[in-house]
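This report concerns only the one structure given below.
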Amino acid sequence: MQKRFLAYLLFGIGVITVTFFRHYSGEIIPYPFLFWLSGFALFGIGVWLLRNTPSAAEENIQKRLAEAVSDLKENGEKIRIDLTECEVKEHNYIEEREKEKGPNDPLFLAIEQSIYSGNTGTGFDKPSFEQVQVKQTVIVFSRYNSRTGLTDKFVSRVIPKDKVSLSFYLDQQKHTFLYVDKSNPARYYFDLDFLVS
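Count the sequence shown with this note's numbering and you get residues 30 to 226, in order.
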């Protein structure tokens with residue numbers, strides 16, 4: 030929230046500075062052009078911060094997720110998993126995604142965005158879709174539950190890697206931990222932080 034406030038503040042100061050020094054002809058400030066450029070820099074930094082700072086709703090979701098994970102790590106059953114015994118399942122597919130149409134910046138008018146993306150309205154427009162290969166892999170761990178007499182199957186979150194590169198990571202790591210809620214086994218967390226680092 031503080032970063033968003035700072036972004037709005039820099040954005041506003043940048044706009045005011047650029048507006049003031051655009052036609053400045055006074056003698057008190059010797060190089061008004063430098064202030065005008067610094068106003069653009071502040072404006073740009075504000076826009077960049079605004080685009081790269083998560084919203085309050087996104088921060089709230091991340092906070093709740095982190096709390097749920099820490100709760101499972103503190104109160105759940107900790108199971109050591111040998112990654113060589115896990116099954117790795119892969120699902121690859123090709124999908125059509127819309128090509129980036131250029132700047133989605135609110136500073137660009139709709140006509141400028143369409144010209145930039147090649148949509149001129151003449152009928153000879155470039156196709157606006159491209160084919161992208163999506164690679165998804167999950168780790169499946171099965172274990173016999175002596176209380177129920179059934180085999181429990183735990184599936185990790187989707188990992189955006191192909192099976193071969195994920196296998197290299199798993200061979201390096203050798204083991205990880207699974208945290209299972211004692212009262213609700215359907216609520217669990219695979220500790221796959223080694224894939225991020």
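By construction, the Cβ of each residue, glycine as well, lies at the ideal position given by its N, Cα and C atoms.
| query | result |
| --- | --- |
| Under a Cβ-count criterion, where at least 16 other Cβ atoms within 10 Å of its own Cβ denotes burial, should residue 193 be classed as buried or exposed? | exposed |
| Three Cβ pairs or more, each shorter than 8 Å: is that satisfied between the region 169-183 and the region 88-95? | no |
| Quick one: is residue 170 buried, meaning 16 or more other Cβ sit within 10 Å of its Cβ, or exposed? | buried |
| What residue range is occupied by the uninterrupted alpha helix (DSSP H) comprising residue 81? | 61-81 |
| Among 208, 33, 128, 168, whose alpha-carbon lies nearest the alpha-carbon of residue 74? | 33 |
| My guess is that residue 199 and residue 112 are in contact by the Cβ rule of under 8 Å, so how many angstroms apart are they, rounded? | 4 Å |
| For residue 218 and residue 123, what's the separation of their Cα atoms in angstroms? | 29 Å |
| Do the CB positions of residue 46 and residue 68 come within less than 8 Å of each other? | yes |
| Could you say which of 115, 215, 51, 85 lies nearest to residue 106 if we only look at CA atoms? | 215 |
| In the DSSP assignment, the alpha helix (DSSP H) including residue 37 goes from what residue to what residue? | 31-51 |
| Let's see if you can read the secondary structure: which residues bound the beta strand (DSSP E) around residue 209? | 204-209 |
| Taking the beta strand (DSSP E) that residue 176 falls in, what are its first and last residues? | Looking at the DSSP string, residue 176 is not in any beta strand (DSSP E), and its letter there is neither H nor E. |
| Between the alpha carbons of residue 164 and residue 188, how many angstroms are there, rounded? | 8 Å |
| Can you say whether residue 208 is buried or exposed, counting buried as having 16 or more other CB atoms within 10 angstroms of its CB? | buried |
| What residue from 55, 37, 114, 91 has the CA that sits closest to residue 203's CA? | 114 |
| Indicate the three-state DSSP secondary structure (helix, strand or coil) for residue 56 in the structure shown. | coil |
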